[in-house]
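Quick note on numbering: the sequence shown equals residues 7 to 65 in our numbering.
Here the structure is laid out as structure tokens; the discussion comes afterwards.
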Amino acid sequence: MNTDNSLESRIRSWRERADQTLEQWLPQAGVIPGRLHEAMRYSVFNGGKRVRPVLAYAA
7 MNTDNSLESR
17 IRSWRERADQ
27 TLEQWLPQAG
37 VIPGRLHEAM
47 RYSVFNGGKR
57 VRPVLAYAA
């Protein structure tokens, strides 16, 4: 169905948008203190954490 593809496309776009925004705000993993920033990035970018941003964009 076309609506399924459209919804999937929108969700993918919103997820990418949220990832780009998070990428801008979070420090890179190599920046001191590196272990802290690596842990921050791991906890944020580890899969399955995009429901809230997608719902916010959908509203």
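Cβ coordinates follow ideal geometry from the N, Cα and C atoms, glycine included.
Residue range of the alpha helix (DSSP H) that includes residue i
| i | result |
| --- | --- |
| L42 | G40 to F51 |
| A65 | Per DSSP, A65 belongs to no alpha helix (DSSP H) and is neither H nor E. |
Residue i versus residue j - alpha carbon distance
| i | j | result |
| --- | --- | --- |
| A45 | L13 | 32 Å |
| S15 | D25 | 15 Å |
| H43 | A65 | 31 Å |
Contact set for residue i: own chain, Cβ-Cβ below 8 Å, skip 5 residues either direction
| i | result |
| --- | --- |
| R21 | R56, P59 and V60 |
Same chain only: Cβ atoms within 7 Å of residue i, ignoring 5 sequence neighbours per side
| i | result |
| --- | --- |
| L32 | M46, R47 and V50 |
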